[in-house]
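Enquirer:
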Amino acid sequence: MLALKKMVGMEPQGLNFLMADIPLGISEPQRLENWIEKAKENHPILKSYAYQISYQEAELRKNQGQHWPSLDLVGGYNKTNTNNTVQTNRVAYESVGVQVSLPIFSGGYTTAKVKESRALLGQAKKQYDNALADITQKLSEAFLGIRDNMSKIDALKTAHKSASTSLKSNKMSLLAGVRTTIDVLNAERDLQDVRIRLLQARYECLLNNVRLKAYAGTISEKDLEEINGWLQTAAAK
Numbered sequence: 002m003l004a005l006k007k008m009v010g011m012e013p014q015g016l017n018f019l020m021a022d023i024p025l026g027i028s029e030p031q032r033l034e035n036w037i038e039k040a041k042e043n044h045p046i047l048k049s050y051a052y053q054i055s056y057q058e059a060e061l062r063k064n065q066g067q068h069w070p071s072l073d074l075v076g077g078y079n080k081t082n083t084n085n086t087v088q089t090n091r092v093a094y095e096s097v098g099v100q101v102s103l104p105i106f107s108g109g110y111t112t113a114k115v116k117e118s119r120a121l122l123g124q125a126k127k128q129y130d131n132a133l134a135d136i137t138q139k140l141s142e143a144f145l146g147i148r149d150n151m152s153k154i155d156a157l158k159t160a161h162k163s164a165s166t167s168l169k170s171n172k173m174s175l176l177a178g179v180r181t182t183i184d185v186l187n188a189e190r191d192l193q194d195v196r197i198r199l200l201q202a203r204y205e206c207l208l209n210n211v212r213l214k215a216y217a218g219t220i221s222e223k224d225l226e227e228i229n230g231w232l233q234t235a236a237a238k
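Add 1 to a position in the sequence shown, counting from 1, and you land on the number used in the numbering used here.
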């Protein structure tokens, strides 16, 4: 409690406990590849780098275009008056044509801009790849962590039943004079140890589910509200 007080800067009113009957395991989808695809679509960092790649690709095309020939449609209209001693004549001229511009050499500026655009595009792609690799690794750790947590939870549930049975047996044997108080205390200690490890495994499984959704960029306020609803005070427990 002292460590928690130091962390949050206030006196904690009490700790909430995780309810026993909550859905654990991997949320949909069930395949790691699908979670990676979700991250590509939704993770804000990956979306930001993907936008940078699109922007730099457009900049590169624009700068490369300065070297390319251009074809323009041009037109004109002109009206003039001609006067002589007899009458005034009005003459109109209309013209439509095609103008081709072929840059022989556009200067070092355009070449430098193309080189800069290529470098920035390469940098954006590298940043995206590095971020994707990091997020993929974290997704894999959370995904596989949930599987490991679930296996551990199943094993600890079996151990909990066994420890509970052992405690009851030792208490009955104590009444019959076959066991001692030390035997009962040892059985209670074993049961408490299993309970703690089971609770830790359930907490870790829940945290890995949160991590999985967070790294995929799909975690929402609704998810946090649902998790908060799974917590209960010691009094309620």
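No residue lacks a Cβ here, since even glycine has one placed at the ideal position from N, Cα and C.
Out of 205, 223, 189, 52, which has the shortest C-alpha to C-alpha gap to residue 166?
Expert: 189
Enquirer: Should residue 129 be labelled buried (16 or more other beta-carbon atoms within 10 Å of its own) or exposed?
Expert: That one is buried.
Enquirer: Confirm, please, whether the CB-CB distance from residue 143 to residue 195 is below 8 Å.
Expert: no
Enquirer: Measure the C-alpha to C-alpha separation of residue 214 and residue 220 and round it to an integer number of angstroms.
Expert: 5 Å
Enquirer: Is the beta carbon of residue 119 sitting closer than 8 Å to the one on residue 25?
Expert: Their beta carbons are not under 8 Å apart, which means residue 119 does not touch residue 25 by this criterion.
Enquirer: Residue 155 to residue 136, Cα distance in whole Å?
Expert: 29 Å
Enquirer: Given that a residue counts as buried once 16 or more other Cβ atoms are within 10 Å of its Cβ, and exposed if not, what is residue 217?
Expert: buried
Enquirer: Rounded to whole angstroms, how far is the Cβ of residue 209 from the Cβ of residue 150, which I believe are closer than 8 Å?
Expert: Residue 209 to residue 150, Cβ: 6 Å. Contact.
Enquirer: According to DSSP, what are the bridge partners of residue 232?
Expert: 19
Enquirer: Comparing alpha-carbon positions, which option in 40, 30, 12 lies nearest residue 138?
Expert: 40
Enquirer: Secondary structure at residue 115, three-state DSSP: helix, strand or coil?
Expert: helix
Enquirer: For residue 28, which residues from the same chain have a beta carbon less than 8 Å from its beta carbon, with the 5 sequence-adjacent residues on both sides left out?
Expert: 210, 213, 214
Enquirer: Ignoring anything shorter than 3 residues or poking outside the segment 173-234, list the beta strand (DSSP E) runs there in chain order.
Expert: 232-234
Enquirer: In whole angstroms, give me the CA-to-CA distance for residue 66 and residue 115.
Expert: C-alpha of residue 66 to C-alpha of residue 115: approximately 9 Å in a straight line.
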